[in-house]
Amino acid sequence: MDQDMREVLTRAWVDIPCTARFLGIGKNAAYRAVKAGEIPSVKIGGLIRVPTAPLREMAGLPAHEAAPKAAA
Numbered sequence: 001m002d003q004d005m006r007e008v009l010t011r012a013w014v015d016i017p018c019t020a021r022f023l024g025i026g027k028n029a030a031y032r033a034v035k036a037g038e039i040p041s042v043k044i045g046g047l048i049r050v051p052t053a054p055l056r057e058m059a060g061l062p063a064h065e066a067a068p069k070a071a072a
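Just so you know, we're using my numbering here: the sequence shown kicks off at 1 and counts up by one.
Structure (structure tokens):
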């Protein structure tokens with residue numbers, strides 16, 4: 001299992017670069033999708049974070065694959 005998959009399965013939130021790699025899209029495409037509302041996100045102190053449950057659903061995985069832990 002690669003690092004991005006592990007993060008999406010074990011964390012509650014990930015950053016845009018991890019989101020892009022997990023979905024197999026470019027980082028700029030991920031930022032555009034977030035801006036368009038196609039990928040849910042929150043902005044926390046200038047940092048954009050993506051909840052992993054919707055990412056797992058986008059990939060056809062159960063939304064609650066593992067008990068997510070907070071991002072470090």
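Don't be surprised by glycine CBs; every beta carbon is placed ideally from N, CA and C.
Bridge partners - residue i, DSSP secondary structure assignment
i	result
ILE16	ILE16 is not bridged to any residue.
VAL50	VAL14
ILE44	LEU47
Own chain residues within Cβ distance below 8 Å of residue i, not counting five before or after
i	result
MET5	PHE22
ALA29	ALA20
Close-in-space but distant-in-sequence residues of the same chain around residue i (CB under 7 Å, 5 per side omitted)
i	result
PRO17	LYS27
SER41	VAL34, ILE48, ARG49 and VAL50
With 16 other Cβ atoms within 10 Å as the buried cut-off, status of residue i
i	result
ARG32	exposed
ALA20	buried
GLU57	exposed
PRO38	A quick correction: the sequence has Glu, not Pro, at residue 38. Its Cβ having fewer than 16 others within 10 Å, GLU38 is exposed.
VAL8	buried
Euclidean distance between Cα positions of residue i and residue j
i	j	result
LYS35	GLY60	23 Å
Sequence-distant residues of the same chain with beta carbon closer than 6 Å to residue i, five excluded per side
i	result
ALA63	ALA53, ARG56 and GLU57
LEU47	none
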